[in-house]
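A.B. asks:
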Amino acid sequence: MRTIFDTEELDQIRELARKFAQERVAPGYLAREKAGRFDMELLREMGGLGLIAPELPEEFGGMGAEFLYSGVIIEEIARADFNFGYASLLASLNGQILRQFAAPEVARDWLPGLTAGEHMLAIALTEPKGGSDAANLGLRMERDGSHYIINGEKTSISANQIAKGVVTFARTGRPEDRAKGVSAVLIPLDLPGITTSKFDNCGQNSVGHGSIWFDNVRVPAEYLLGDEGKGFAQVMQGFDFSRSLIGMQCVGTARQSLDETWAYITERQAFGKPLAAFQGVTHQLADFDTRIEAARLMSMNALWLKDRGLPHTTEAAMTKWWPPLLAYEAIHACLLIHGHAGYSGDLPFQQRLRDVLGLQIGDGTAHIMKNIIARERAGRAVTAA
Ligand SMILES: Cc1cc2nc3c(=O)[nH]c(=O)nc-3n(C[C@H](O)[C@H](O)[C@H](O)COP(=O)(O)OP(=O)(O)OC[C@H]3O[C@@H](n4cnc5c(N)ncnc54)[C@H](O)[C@@H]3O)c2cc1C
1 MRTIFDTEEL
11 DQIRELARKF
21 AQERVAPGYL
31 AREKAGRFDM
41 ELLREMGGLG
51 LIAPELPEEF
61 GGMGAEFLYS
71 GVIIEEIARA
81 DFNFGYASLL
91 ASLNGQILRQ
101 FAAPEVARDW
111 LPGLTAGEHM
121 LAIALTEPKG
131 GSDAANLGLR
141 MERDGSHYII
151 NGEKTSISAN
161 QIAKGVVTFA
171 RTGRPEDRAK
181 GVSAVLIPLD
191 LPGITTSKFD
201 NCGQNSVGHG
211 SIWFDNVRVP
221 AEYLLGDEGK
231 GFAQVMQGFD
241 FSRSLIGMQC
251 VGTARQSLDE
261 TWAYITERQA
271 FGKPLAAFQG
281 VTHQLADFDT
291 RIEAARLMSM
301 NALWLKDRGL
311 PHTTEAAMTK
321 WWPPLLAYEA
331 IHACLLIHGH
341 AGYSGDLPFQ
351 QRLRDVLGLQ
361 IGDGTAHIMK
371 NIIARERAGR
381 AVTAA
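Numbered as in the UniProt record's numbering, the sequence shown ends at 385 without a single skipped number.
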């Protein structure tokens, strides 16, 4: 559906992304998930089309485009393969962090490869003792001359075995200083002392997800992102961007499922009529169609606000909790309307359902998003987190 945000230029990028997504990405979705394999060749193709982090400046291989462009791209990619959408999500989130906070030579070394699709970057905040209380982290990072030495474990990290580097939050100060003692650093994942594991998850297996252990890992000090001890406040602001993109990612997958199901009910017959003749079926779809469009507008609005430098923390938190839940419910309804075929591995609904479920947790749960909304509305003093 057309929206108030659409322009001719946005239409052009949407068309390009849709063609790439439907022709190149969609056909291998289920096979890649089954094999647990991310297609780096396809990523390079995407980069070659200018579809990775287009909001980065041209000197880094981007287009200097509006943030909304990335939203439209991830929506189209997620229509084809929810998990390939992580390529957009991680590149845009980490790309912005490096552009804003990396030393100029580090940004020059890492960003062109990111936009070209030659490599990926992961982001590591969560630790075994918990992800919601994000400031209470324990990974140690200590200065030793021209290096930092990193010790500890990050867990539940997306793309941890396919990324070339990881934006990592670690403690340089005292634990009692909580967020104030946290720094951010880019860690190349091929450094000595790093090991990883992959979880056996119920979805998102092509992109993968697991732990990273750091055993006396020496990182050059120029890989620090932002100021020492201020990484939490500075770098975490990037999450407002990724939350808005997650809204678009979930909406894309749900929209594709709805489109396929609208088509299916005009063909499939029951009791001598197409399923579309039964309001019990069409009203369900009409209901989800309406709400998915509302979630899409909300996500685009958050990106539009970001493009104008306007506050959008509340809007981003809303797009992080509602669209993932709504998409899950919409895909569930689409699966059921396809009957036994919907439950089979031949159709993508069961896979989409398991993939989209992960983002009810990843990047912060609905509880935490509602805490953020409450804090923005009622003030920090009256909310717990
Ligand atoms: C698919 C997926 C991808 C992920 N990718 C990444 C990644 O790339 N990088 C990364 O760093 N992490 C990643 N994560 C981890 C994710 O960010 C954490 O799982 C999440 O923040 C929750 O942390 P936790 O699992 O430790 O749950 P906990 O923090 O232990 O919370 C458990 C439950 O308690 C609830 N809860 C906790 N505190 C409160 C409170 N104050 N009020 C109300 N309820 C509360 C939570 O909402 C949750 O339901 C990913 C997770 C998944 C599933």
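The beta-carbon is built from N, C-alpha and C at its ideal position, and this holds for glycine as well.
1. Is T196 near ligand 1, with its Cβ less than 7 Å from a heavy atom?
2. Use the C-beta contact count for F271: other C-beta atoms within 10 angstroms, 16 or more gives buried, fewer gives exposed.
3. Which same chain residues, not among the five before or five after F349, have their C-beta less than 7 Å away from its C-beta?
4. Is the beta carbon of F232 less than 8 Å from the beta carbon of L93?
5. DSSP state of L186, grouped into three classes?
6. Only counting the same chain, and skipping five residues up and downstream in sequence, which positions put a Cβ closer than 7 Å to that of E228?
7. With distances taken from CA atoms, which of E66, L114, D259 and A366 is nearest W321?
8. With respect to the beta strand (DSSP E) encompassing F169, which residues constitute its N-terminal and C-terminal limits?
9. Output yes or no for whether 8 Å exceeds the beta carbon distance between A17 and L90.
10. Spatial neighbours of R296 within its chain, please: C-beta separation below 6 Å, excluding the five flanking residues on both sides.
11. Using a threshold of 8 Å, state whether the C-beta atoms of F20 and M46 are closer than that.
12. Quick check: the Cα distance between V166 and E127, rounded to an integer number of angstroms?
13. Assign N216 to one of two classes, buried (16 or more other C-beta atoms within 10 Å of its C-beta) or exposed (fewer than that).
14. Helix, strand or coil for D346, going by three-state DSSP, please let me know.
15. Measuring CB to CB, does T3 end up less than 8 Å from M248?
16. Per the DSSP calculation, residue 386 is bridged to which residue(s)?
17. Should K34 be labelled buried (16 or more other beta-carbon atoms within 10 Å of its own) or exposed?
18. Would you say S206 and T155 are within 8 Å of each other, going by their C-beta atoms?
19. What residue does the beta strand (DSSP E) around L153 start on, and which one ends it?
20. Could you check which residue in H340, S88 and F60 has the C-alpha nearest to that of S70?
21. Would you say the beta carbon of Q204 comes nearer than 7 Å to a heavy atom of ligand 1?
22. Under 8 Å between the Cβ atoms of E376 and T314?
23. How many angstroms separate the CA atom of A134 from the CA atom of E267?
24. Shorter than 7 Å, the distance from the beta carbon of T365 to the closest heavy atom of ligand 1, or not?
25. Kindly list the residues whose CB is nearer than 8 Å to the CB of K129, restricted to its own chain and excluding five residues on each side of it in sequence; keep chain order.
26. Around the C-beta of M1, are 16 or more other C-beta atoms found within 10 angstroms, so that it is buried, or is it exposed?
27. Less than 8 Å between C-beta atoms, sequence neighbours within five positions excluded: which residues of the same chain meet that for S132?
28. Cα separation between A317 and R308?
29. Alpha carbon to alpha carbon, how far is I265 from G226?
30. Starting from G113 and walking both ways along the alpha helix (DSSP H), at which residues does that stretch end?
31. Relative to the alpha-carbon of I74, which residue among E55, F60, E59 and G64 has its alpha-carbon at the smallest distance?
C.D. replies: Inspection of the coordinates gives the following:
1. Within the sequence shown, residue 196 is the residue found at index 196, counting from 1. Answer for T196: no, Cβ out of range of ligand 1.
2. Counted from its first residue, the sequence shown places residue 271 at position 271. So F271 counts as exposed.
3. One-based indexing of the sequence shown puts residue 349 at position 349. Counting only Cβ-Cβ distances below 7 Å, and skipping sequence neighbours, we find S257, I331, C334, L335, H338 and G342.
4. Position 232 of the sequence shown, counted from the first residue, corresponds to residue 232. Position 93 of the sequence shown, counted from the first residue, corresponds to residue 93. Cβ distance not < 8 Å, so F232 and L93 don't count as in contact.
5. Here residue 186 corresponds to residue number 186 of the sequence shown, with the count starting at 1. Strand.
6. Start at 1 with the first residue of the sequence shown, and residue 228 comes out as number 228. Around E228: T172 and S183.
7. Taking the sequence shown and counting its residues from 1, the one referred to as residue 321 is at position 321. With distances taken between Cα atoms, W321 lies closest to A366.
8. As a position in the sequence shown, residue 169 is number 169, starting the count at 1. G165 to R171 is the span of the beta strand (DSSP E), which, as asked, contains F169.
9. Position 17 of the sequence shown, counting from 1, holds the residue named residue 17. Position 90 of the sequence shown, counting from 1, holds the residue named residue 90. Not a contact, by the Cβ cut-off of 8 Å.
10. For the purposes of this step, residue 296 is identified with residue 296 of the sequence shown, where counting begins at 1. Counting only Cβ-Cβ distances below 6 Å, and skipping sequence neighbours, we find V251.
11. Locating residue 20 in the sequence shown gives position 20, counting from the first residue. Locating residue 46 in the sequence shown gives position 46, counting from the first residue. A contact, by the Cβ cut-off of 8 Å.
12. Start at 1 with the first residue of the sequence shown, and residue 166 comes out as number 166. Start at 1 with the first residue of the sequence shown, and residue 127 comes out as number 127. Rounded to whole angstroms, V166 to E127 spans 14 Å at the Cα level.
13. Taking the first residue of the sequence shown as position 1, residue 216 is located at position 216. Exposed: under 16 other Cβ atoms inside 10 Å.
14. Position 346 of the sequence shown, counting from 1, holds the residue named residue 346. Residue state, collapsed to three classes: coil.
15. As a first step, residue 3 must be located in the sequence shown, where it is residue number 3. As a first step, residue 248 must be located in the sequence shown, where it is residue number 248. Result no, Cβ atoms of T3 and M248 do not sit closer than 8 Å.
16. The question about residue 386 has no answer, for the chain in this structure spans 1 to 385.
17. What you label residue 34 is simply residue 34 of the sequence shown in a count that begins at 1. With fewer than 16 other Cβ atoms within 10 Å, it is exposed.
18. Within the sequence shown, residue 206 is the residue found at index 206, counting from 1. Within the sequence shown, residue 155 is the residue found at index 155, counting from 1. No.
19. As a position in the sequence shown, residue 153 is number 153, starting the count at 1. For the sequence presented, residue 153 should be read as Glu rather than Leu. Its beta strand (DSSP E) spans residues H147 to S158.
20. By one-based count along the sequence shown, residue 70 stands at place 70. Nearest C-alpha to S70: S88.
21. Mapped onto the sequence shown, residue 204 falls at position 204. Under cutoff, so the answer is yes.
22. Here residue 376 refers to the residue found at position 376 when the sequence shown is read from its first residue. Here residue 314 refers to the residue found at position 314 when the sequence shown is read from its first residue. In this structure, T314 lies closer than 8 Å to E376 by Cβ.
23. Within the sequence shown, the letter at position 134 stands for residue 134. Within the sequence shown, the letter at position 267 stands for residue 267. Near 49 Å, if we compare the C-alpha coordinates of E267 and A134.
24. Translated into positions along the sequence shown, residue 365 becomes position 365. Yes, Cβ of T365 sits closer than 7 Å to a heavy atom of ligand 1.
25. Taking the sequence shown and counting its residues from 1, one reaches residue 129 at position 129. Around K129: N136 and G138.
26. Mapped onto the sequence shown, residue 1 falls at position 1. So M1 ends up on the exposed side.
27. For this step, residue 132 is matched to residue 132 along the sequence shown. Cβ within range, chain order: G364, T365, H367, I368 and A385.
28. Along the sequence shown, one-based indexing puts residue 317 at 317. Along the sequence shown, one-based indexing puts residue 308 at 308. Spanning the two alpha carbons is a distance of roughly 18 Å.
29. Within the sequence shown, residue 265 is the residue found at index 265, counting from 1. Within the sequence shown, residue 226 is the residue found at index 226, counting from 1. When rounded, the distance between both Cα atoms is 53 Å.
30. Locating residue 113 in the sequence shown gives position 113, counting from the first residue. It spans P104 to T115 - the alpha helix (DSSP H) in which G113 sits, taken as one unbroken run.
31. Here residue 74 refers to the residue found at position 74 when the sequence shown is read from its first residue. When only C-alpha atoms are compared, the closest one is E55.
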